[in-house]
Every structure is written in C-alpha cells, then in structure tokens.
Amino acid sequence: MAKWLDNAIFYEIYPQSFKDTNDDGIGDFKGIIEKLDYIKELGCNSIWMNPCFESPFGDAGYDVSDYYKAAPRYGTNEDLKQLFDEIHKRDMHILLDLVPGHTSVEHRWFKESIKAEKNEFSDRYVWTDNIWEEPSGMGCLRGISDRNGCVGVNFFSHQPALNYGFYKPNRPWQQSADEPGPRATLEELKNIMRFWLNMGCDGFRVDMAGSLVKHDEEGKGTIKLWQEIRLFLDTEFPQAAMVSEWGEPDKSLLGGFHMDFLLHFGPSHYNDLFRCENPYFSGKGNGDIGKFVKKYKENYEKTTRKGLICIPSGNHDMERLAKYLHGDELKIAFAFLLTMPGAPFIYYGDEIGMRYVENLTSVEGGYDRTGSRSPMQWDNTKNAGFSKACKEKLYIPLDDGADRPTAEDQMQDENSLFHEIKRLIAVRQAHPVLQSNGEIDFIYAESNTYPLAYLRSSRDEKILILLNPSCSDADFKCTYSLSDKLYSFGGEVTACDGIITVPAGSFGFYKV
C-alpha cells in the first residue's frame, strides 16, 4: 500500500509550460528541477506530471509514439531519472501520466498493425475485419492502408485505440479480453509500468482508466483488468500509487486504484462549485452545492466511506479557476479543496491566481483548453521568468496583462493567495483527520443556500469546517460548540442558542 498517499498534496505540472532552461520556448525537466523548492515551499509533497513521453504532440503528449523514451524537447531519460532523484531528495513523490488506451498513429506498433500481412502487432489495436464496417460507439480511421478493416479511435482521429478486448464480443472481429491480442497489450502495459517504476517514479495517474475493455457498460471487464495490474504491482512494486481518471470511484477502487480523480464532466456537478454562471464559491451568493453534495455522498457510500475522491483546483482540460473566482473567493475555494477527503490536486499557477488567457489559437489539440495552459508566471523579468526565448517562440502566449500575478510578488505578500494556501496546507498536514482518509459527514449543505458545513472525523479527532463564500452572513441550526478554533479567515463565526452564524466571505475550522 502506498502509505505516502495518506497525506499527499499534489501539484500538477504541465511540463511544456512550467519552466524553460534551454531557451527554446518550451518547458523542460531541468526547469522542473529548478523549481522543486518552490513547490515544496508551498507545501505540496507530490507531483503529477502530464505526459512526458515521445510524441508528435497532436494532443499535447496524450498521443504517445514511444512509451519508453522521454520526449526530447523535455530532455533525455537520464534527465528524467535526475528529476525523480531530486524529487526524492526532498521527500516528495511523483506520478507520471500514463495513457494506456491509445497511442499516436506515429507509434511503431501502429505502423506494423496497419500492414495487410499478419504480424505481432496486427491485434494490438481495435480493428474490424472489413473496410465497410466501423466499430460501433467509436470513431474510426479507414482507407489508410492495404489492410481490410477500420481501426477504432479513442479521441482525436490520430489516436487509435489499443486492444484490451471486448467484454461481450458480438462480431467475429471482436476479441475477448483473454485472447492473445488483448493479453499481449496488457502484458506490454505491465512492461511500461515496470520500466518507469524501476527508474524511480512513484506511480501513475491513469488517463481514461475506465475505457480500456470495450462494450463494458458496467465496467466489469475493465475492473478485472486493473485488478490484475494491482496484483502485479503489489508483487513487484507495493509502494507504487495508482490514481485513476475514471469518475466512478466505486469501480476504480474495486479495480485496485488507490484514489479516483473527480471528473469535470458527467454527473459529478463539480462545475457547480467553480465553473458555471453562478459558482457556489462566488461571492454573488447565487450558487447551488446541493447536487454536488448529493452525488458526492452517493459515491462516498458506494466506496464504503473511504472517500478517496480527488478534487482538483483545475487541470489542463478545463478553464482556470480564476476565470470565475477572484480575490477572497479563491481563498475560500481552496479552504474547501484542502479540507476534503482524498488527495488535493493544485494545478500549476492556480496557487497564484493565474488567469485563463482568452482568444488563443489552439496549440497541440488544446482548442478552448489552450488558455489554461499558458506559461507559468514566475516573476517580472522577460516572459514572466518562464523563458529567455523571444516572445514568438513561446509554446503558448503569456497572459500579457500588466497586472498578471507572479509567484515572486505573491511570495512577498503575506496576504496573498499563495500564502493562504500555504497556511491551509500546514493546517491539513498538522491534523491527520483533515487528510486523505478522514471521514466526512455533511452537516449543512442545502440546495441554493449558504453556508456549507461538514465534519471531518477519525478515532482521535473531529473538526467542523464552516464555509460561507457568499456576500451575506449565513446561519443554520447546529449544536456543536465552537470553543476550540483551529483556523479562520474573514469575520468571526458565532454560535448562540443553537444557531451558528458564518459571516460573509469567511471560513473557520473548529475542534468539536
């Protein structure tokens, strides 16, 4: 068991936009090494790094062309090994982003797979046996070679789907998960994981983890696949951590993942909190947290109250938090993020309130996500300290606002978002009940109203969390005493005659 996940706080690094040290306008491994002390200063003790393997970068690295080779634009395998070592020197951990569901069309496996002659890789991808039949429920490529068939794709048309079999095959070309082709794909996935774990990474965040076995509506085939992976890891790498992009924790945890990554799409209502016309954490006070809490509680109970559901501040796939929330609103949002069960994930730059850069031309398949992938803003030197390259060479244009936030400015201001997050992390780390495994019970989380109150509990401690991001004081009936305050922000919370009142734009943590 990866015990280090118990108090993990992740910092997500989008490597091409983090820090450039060779002046080519693209971030690199050495730039990440240079800034590890900054991440540790914030309080994060773990890193999730987006895909760093060789790729034509049609989808920002989520189109892998060689799973065993670091992308040259970031550095060499030796540079990546040095990054692992430097992270471990600081008593930190790193998850690599594993993309097991598809490759790039440039991958050697795919170039062999498209050949008409039967070979080792003919069944590595999801192929029909006739050019006129496309795989149902998937996009496809056809007419790309002499092979008579269509190949399924998982996302963009240059990302052919790897073959892990079908849970319920109903066509001659659909293989079961136990047939040689799917088994070879699974064994190769183990080899890839083995390679990087032996080099020193601490585990993987798995992209589209629930999508591997096809025609698997209930996820049973994919769960069985990941259970086999879990057995392999427990045997060879028992400390290796696995975090899934699945969005159904009852399935992912059963499959052997340690935690599940909350999705910003689907039924989670995550965007009700941060990214909608009236976010719950906006000071307007018109938000609704009821649907989010209802769905969260459903998943929480399905996982027998393990609560290992990771809630990110954001990521490379969604608009920046600061597009919708500003000033103290961001501080209250982070008070929520850093007191919920599961490991928190902070997207690079969110800790300083980096903004979504509007109206950018798509870069490497980013489209409307491109504005959330702009270079990290370190200081007020050239290109905000990201790169010494000329402006035109930057991977993505910078936020060009004169008032753009920088890490340097925020670190010098004790009242900044950076320092508030640092203090919140310190509180979380001082109280195990606030960390990944502490239980949660929602005390007051009503639809279309404020405040939000929940109790984190363990055998040793109970802490009541009170949050009111709205512009008006808010109260609710509650019998808990507020005599032992751990931490607060904004106005002073009061309790009188069984009524707790939380002032506008405030939060407080209390031992009960």
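Each residue of the sequence shown is one higher than the one before, counting from 666 in the working numbering.
Don't be surprised by glycine CBs; every beta carbon is placed ideally from N, CA and C.
Short Cβ contact (8 Å threshold) for Asp-728 with Pro-737: Residue mapping note: residue 728 aligns to position 63 of the sequence shown, counting from 1. Residue mapping note: residue 737 aligns to position 72 of the sequence shown, counting from 1. It is not a contact, given that the beta carbons lie outside the stated cut-off.
Close Cβ partners of Ala-905 (< 7 Å) along its chain, the five nearest in sequence each way excluded: Here residue 905 corresponds to residue number 240 of the sequence shown, with the count starting at 1. These residues qualify, in order along the chain: Ala-667, Leu-862, Asp-867, Gly-868, Leu-898.
Euclidean distance between Cα positions of Asp-794 and Phe-1051: Numbered from 1 along the sequence shown, position 129 holds the residue referred to as residue 794. Numbered from 1 along the sequence shown, position 386 holds the residue referred to as residue 1051. Looking at the two C-alpha atoms, the distance is approximately 50 Å.
Sequence-distant residues of the same chain with beta carbon closer than 6 Å to Asn-742, five excluded per side: In the sequence shown, the residue the question calls residue 742 occupies position 77. Correct list, in chain order: Ala-735.
C-beta atoms of Gln-747 and Ile-796 nearer than 8 Å: In the sequence shown, the residue the question calls residue 747 occupies position 82. In the sequence shown, the residue the question calls residue 796 occupies position 131. At a Cβ-Cβ threshold of 8 Å, Gln-747 and Ile-796 do not count as neighbours.
Neighbourhood of Asp-937 by C-beta distance below 8 Å, restricted to the same chain and skipping five residues each side: Locating residue 937 in the sequence shown gives position 272, where the first residue counts as 1. Correct list, in chain order: Pro-944, Tyr-945, Gly-952, Asp-953, Ile-954, Lys-956, Phe-957.
Burial state of Ile-997, where buried means 16 or more other Cβ atoms lie within 10 Å: Against the sequence shown, residue 997 aligns to sequence position 332. Counting Cβ neighbours within 10 Å, Ile-997 comes out buried, since at least 16 surround it.
Closest residue to Lys-971 among Ile-704, Leu-745, Gly-740, Ser-1101 (Cα-Cα distance): In the sequence shown, residue 971 corresponds to position 306, counting from 1. Here the closest residue by C-alpha is Ser-1101.
Segment contact flag, the region 1086–1093 with the region 701–720, C-beta cutoff 8 Å, min 3 pairs: Taking a cut-off of 8 Å for Cβ pairs, the region 1086–1093 and the region 701–720 touch, as three or more such pairs fall below it.
C-beta contact flag for His-758 and Ser-730 at 8 Å: The sequence position of residue 758 within the sequence shown is 93, counting from 1. The sequence position of residue 730 within the sequence shown is 65, counting from 1. Not in contact: His-758 and Ser-730 (Cβ atoms no closer than 8 Å).
Short Cβ contact (8 Å threshold) for Ser-1153 with Phe-1141: Position 488 of the sequence shown, counted from the start, is the residue given in the question as residue 1153. Position 476 of the sequence shown, counted from the start, is the residue given in the question as residue 1141. In this structure, Phe-1141 does not lie closer than 8 Å to Ser-1153 by Cβ.
Distance between Ile-752 and Gly-634 (C-alpha atoms, nearest Å): No information on residue 634 is available, as it lies outside the stretch 666 to 1177 that the chain covers here.
Nearest-angstrom Cβ-Cβ length linking Asn-835 and Val-791, presumed shorter than 8 Å: As a working note, residue 835 is residue 170 in the sequence shown. As a working note, residue 791 is residue 126 in the sequence shown. 14 Å between Cβ atoms; not a contact.
Contact check, Trp-911 vs Gly-875, beta carbons under 8 Å: Indexing the sequence shown from 1 puts residue 911 at position 246. Indexing the sequence shown from 1 puts residue 875 at position 210. Contact: yes.
Buried or exposed by the 16-neighbour rule on C-beta atoms within 10 Å, applied to Thr-850: Position 185 of the sequence shown, counted from the start, is the residue given in the question as residue 850. Residue burial is scored here from C-beta neighbours: Thr-850 has at least 16 other C-beta atoms within 10 angstroms and is therefore classed as buried.
Own chain partners of Trp-774 with C-beta closer than 8 Å, once the 5 adjacent residues on each side are dropped: Mapped onto the sequence shown, residue 774 falls at position 109. The answer, listed in chain order, is Thr-768, Phe-786, Arg-789, Tyr-790.
Delimiting residues of the beta strand (DSSP E) encompassing Leu-761: Mapped onto the sequence shown, residue 761 falls at position 96. Looking at the DSSP string, the run of the beta strand (DSSP E) that includes Leu-761 is 758–763.
Continuous alpha helix (DSSP H) stretch holding Ser-1243: start and end: No answer is possible for residue 1243: it lies beyond the span of the chain, which begins at 666 and ends at 1177.
As assigned by DSSP and simplified to three states, the class of Ala-849: Locating residue 849 in the sequence shown gives position 184, where the first residue counts as 1. The answer is helix: DSSP assigns Ala-849 an H, G or I state.
Reference Leu-995; option with closest CA among Gly-1036, Phe-939, Thr-1159: For the purposes of this step, residue 995 is taken as residue 330 along the sequence shown, with counting starting at 1. Checked all of Gly-1036, Phe-939, Thr-1159; the closest Cα to Leu-995 is Phe-939.
Cβ neighbours of Lys-705 in the same chain (closer than 8 Å, five flanking residues each side left out): In the sequence shown, residue 705 corresponds to position 40, counting from 1. Cβ within range, chain order: Arg-755, Met-757.
Runs of alpha helix (DSSP H) lying entirely within the region 989–1036, each at least 4 residues, in chain order: 993–1002
Ranges of the beta strand (DSSP E) found wholly within the region 1047–1126, counting only runs of at least 3: With a minimum length of 3 residues, the continuous beta strand (DSSP E) runs that stay inside the region 1047–1126 are 1104–1109, 1117–1122.
Reduced DSSP secondary structure (H/G/I, E/B, other) of Thr-900: Walking along the sequence shown from the start, residue 900 turns up at place 235. Of the three classes helix, strand and coil, the one that applies to Thr-900 here is helix, per DSSP.
Presumed contact (8 Å Cβ cut-off) between Ser-1037 and Tyr-1021, rounded CB distance: Here residue 1037 corresponds to residue number 372 of the sequence shown, with the count starting at 1. Here residue 1021 corresponds to residue number 356 of the sequence shown, with the count starting at 1. At roughly 6 Å, the Cβ-Cβ gap stays under 8 Å, so Ser-1037 and Tyr-1021 are in contact.
Residues of its chain near Met-1076, where Cβ-Cβ distance is below 7 Å and the 5 sequence neighbours each way are ignored: The residue given as residue 1076 occupies position 411 in the sequence shown. For Met-1076, where only same-chain residues beyond five positions count, the Cβ hits under 7 Å are Phe-1083.
Coil, strand or helix - Gly-886 by DSSP: Within the sequence shown, numbered from 1, the residue matching residue 886 stands at position 221. Helix.
Short Cβ contact (8 Å threshold) for Asp-1138 with Pro-1168: Along the sequence shown, read from residue 1 onward, the residue named residue 1138 stands at position 473. Along the sequence shown, read from residue 1 onward, the residue named residue 1168 stands at position 503. Going by C-beta atoms, Asp-1138 is nearer than 8 Å to Pro-1168.
Whole-angstrom C-beta distance between Phe-860 and Tyr-733, which should lie under 8 Å: In the sequence shown, residue 733 corresponds to position 68, counting from 1. In the sequence shown, residue 860 corresponds to position 195, counting from 1. The pair is a contact, with the Cβ atoms about 6 Å apart (cut-off 8 Å).
Alpha-carbon to alpha-carbon, Ile-894 and Leu-854: What you label residue 854 is simply residue 189 of the sequence shown in a count that begins at 1. What you label residue 894 is simply residue 229 of the sequence shown in a count that begins at 1. Going by the C-alpha atoms only, they are around 9 Å apart.
Asp-1033 and Asp-872 closer than 8 Å at C-beta: Taking the first residue of the sequence shown as position 1, residue 1033 is located at position 368. Taking the first residue of the sequence shown as position 1, residue 872 is located at position 207. Inclusion of Asp-1033 and Asp-872 in the CB contact set at 8 Å is not warranted, their separation being larger than that value.
Rounded straight-line distance, which links the Cα of Phe-675 to that of Leu-928: As a working mapping, residue 928 is identified with position 263 in the sequence shown. As a working mapping, residue 675 is identified with position 10 in the sequence shown. Cα to Cα, the separation comes out at about 16 Å.
is_contact[Arg-1121, chain D] using C-beta, thresh 8 Å: No chain D is present in this structure, which holds just one protein chain.
Beta-bridge partners of Asp-1140, as assigned by DSSP: One-based indexing of the sequence shown puts residue 1140 at position 475. According to DSSP, Asp-1140 bridges with Thr-1166.
Pair within 8 Å by beta-carbon distance, Gly-979 and Leu-986: The residue labelled residue 979 in the question sits at position 314 within the sequence shown. The residue labelled residue 986 in the question sits at position 321 within the sequence shown. Yes; because the gap between Cβ atoms is below 8 Å, this pair is in contact.
Residue burial classification, Lys-1056 (beta-carbon count within 10 angstroms, cutoff 16): Taking the sequence shown and counting its residues from 1, one reaches residue 1056 at position 391. Its Cβ having fewer than 16 others within 10 Å, Lys-1056 is exposed.
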